[in-house]
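Following numbering that gives the first Met the number 0, the numbering of the first sequence begins with 0 at its first residue and continues without gaps.
Just so it is clear, CB atoms sit at the ideal spot from N, CA and C, and this is done for glycine as well.
None of these values were measured; they are calculated from a predicted model.
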Amino acid sequence: MHALSALIDDLFAPSVVQLVEDAEGGICYWPRFVDADTAQAWFECLRANAAWSALQRPMYDRVVDVPRLVAGYALDALPETLPLADMLARVQAFAPASYTHAGMNLYRDGRDSVAMHHDKLHSLALGQPITLVSLGSARRMLIRAIDGHHETIAIDLEPGSLLRMSHASQLTHEHGIPKTQREQPARISVAFRARMRDDSDHRRHG
DNA sequence: GAAGGTCAAGCGCA
DNA sequence: CTGCGCTTGACCTT
């Protein structure tokens with residue numbers, strides 16, 4: 000019975016969903032980028048072995064925790080303990096680009112979140128997309144047009160899914176992961192980006 | 001070196 | 001319940 004409904008889900012599941020249109024491919028969602036077992040294995044390995052850090056930010060007159068854990072890796076120096084090389088190869092097959100970095104977020108539960116934002120374009124290579132792999136439990140993302148009617152798209156990012164956002168779409172849309180009251184197990188997002196150069200050298204100088 | 005953008009939690013509102 | 005817009009301030013980029 001469950002096997003049958005899963006089969007029906009598979010038959011009717013779209014292979015790709017176009018969420019936003021633009022000249023560079025807009026924002027595109029593949030619900031079944033990898034199979035569930037692979038997604039689960041990646042999730043467990045990353046959660047256990049990635050170098051997660053907890054950040055803080057000032058908020059009014061106190062310091063609060065950033066509501067998620069973060070980790071980042073350069074793709075030319077990947078630790079062998081992580082499945083990032085395998086992930087990159089499979090991302091390249093769906094959304095080829097000259098990726099250089101993988102940035103990861105761990106949303107532990109429904110209280111973790113990211114505010115609406117667009118990715119910083121000054122450090123990203125022109126025309127190169129940002130491609131997001133979702134692992135763990137599904138989590139709702141909001142995508143909102145900046146001008147016009149501020150139309151908002153809500154999409155539940157499923158484990159094993161892939162979301163490709165064009166460089167151009169970062170100028171017209173912002174995105175975020177709102178907090179939720181629902182029971183919400185952990186999710187990891189892995190964002191592959193193409194940085195035009197390493198600009199981490201000349202910060203914090205004098 | 002001045003100016004502008006970012007993004008955290010909590011509130012009230014629809 | 002969910003989304004949205006407002007608030008302050010340290011840190012960042014331009």
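With a threshold of 16 other CB atoms inside 10 Å of the CB of residue i, please say whether the residue is buried or exposed.
{"i": "L3", "result": "exposed"}
{"i": "P57", "result": "exposed"}
{"i": "P30", "result": "buried"}
{"i": "A207", "result": "This structure gives no information on residue 207, because the portion of the chain shown stretches from 0 to 205."}
{"i": "A193", "result": "buried"}
{"i": "D198", "result": "Below a pLDDT of 50, predicted positions are generally treated as unreliable, and D198, at 47, falls in that range; no measurement from the model is reported."}
{"i": "H201", "result": "Residue placement at H201 is flagged as unreliable, the pLDDT there being 44, under the threshold of 50; a coordinate-derived value is accordingly withheld."}
Can you tell me the Cβ-Cβ gap for residue i and residue j, rounded? I've got them flagged as a contact below 8 Å.
{"i": "W41", "j": "M86", "result": "6 Å"}
{"i": "I145", "j": "H174", "result": "Contact doesn't hold; Cβ gap of about 11 Å is too wide."}
{"i": "R207", "j": "Y106", "result": "Absent from the model: residue 207. The displayed extent of the chain is 0 to 205, so no value can be given."}
Return the CA-CA distance between residue i and residue j, expressed in angstroms with no decimal places.
{"i": "G25", "j": "V62", "result": "37 Å"}
{"i": "V15", "j": "P95", "result": "16 Å"}
{"i": "P128", "j": "A84", "result": "18 Å"}
{"i": "H100", "j": "E157", "result": "22 Å"}
{"i": "A81", "j": "C44", "result": "The residue asked about is misnamed: residue 81 is Leu in this sequence, not Ala. Each residue's Cα considered, the two are about 7 Å apart."}
{"i": "D75", "j": "L120", "result": "21 Å"}
{"i": "L77", "j": "L123", "result": "20 Å"}
{"i": "K178", "j": "E23", "result": "30 Å"}
{"i": "P184", "j": "D21", "result": "34 Å"}
{"i": "R151", "j": "D60", "result": "According to the sequence displayed, residue 151 carries Thr and not Arg. Answer to the nearest angstrom: the Cα atoms are 32 Å apart."}
{"i": "V189", "j": "V132", "result": "5 Å"}
{"i": "A73", "j": "M164", "result": "20 Å"}
{"i": "L6", "j": "D155", "result": "20 Å"}
{"i": "H116", "j": "E79", "result": "32 Å"}
{"i": "A137", "j": "A53", "result": "22 Å"}
Which residues in the same chain as residue i place their Cβ atom closer than 8 Å to its Cβ, once the five residues preceding and following it in sequence are excluded?
{"i": "Q55", "result": "V62, V63, D64 and V65"}
{"i": "E182", "result": "G109"}
{"i": "Y125", "result": "Per the sequence shown, the amino acid found at residue 125 is Leu instead of Tyr. If we look at L125 and ignore the five residues flanking it on each side, its Cβ neighbours are H166 and M195."}
{"i": "H149", "result": "R143"}
{"i": "Q180", "result": "G109"}
{"i": "G205", "result": "Confidence at G205 is low in this model, with a pLDDT of 33, below 50, so its placement is unreliable and the value that follows should be read with caution. Nothing meets the Cβ criterion."}
Going by beta carbon distance, what residues of the same chain come within less than 6 Å of residue i, once the five residues before and after it are set aside?
{"i": "F191", "result": "V90, Y98, A101 and T130"}
{"i": "A70", "result": "A49, A50, W51 and M103"}
{"i": "G147", "result": "none"}
With the cut-off set at 8 Å, would you say residue i and residue j are in Cβ contact?
{"i": "A35", "j": "G159", "result": "yes"}
{"i": "L161", "j": "F93", "result": "yes"}
{"i": "I187", "j": "S112", "result": "no"}
{"i": "H172", "j": "V33", "result": "no"}
Just to confirm, does residue i get its C-beta within under 7 Å of one of the non-hydrogen atoms of the ligand PLP?
{"i": "L125", "result": "Among the components of this structure there are no ligands whatsoever, and the ligand PLP is therefore not found."}
Residues in the same chain with beta-carbon distance under 7 Å from residue i, minus the five sequence neighbours each way, listed in chain order, please.
{"i": "A153", "result": "R139 and L141"}
{"i": "D118", "result": "I129 and Q169"}
{"i": "Q17", "result": "G25 and C27"}
{"i": "A114", "result": "G175"}
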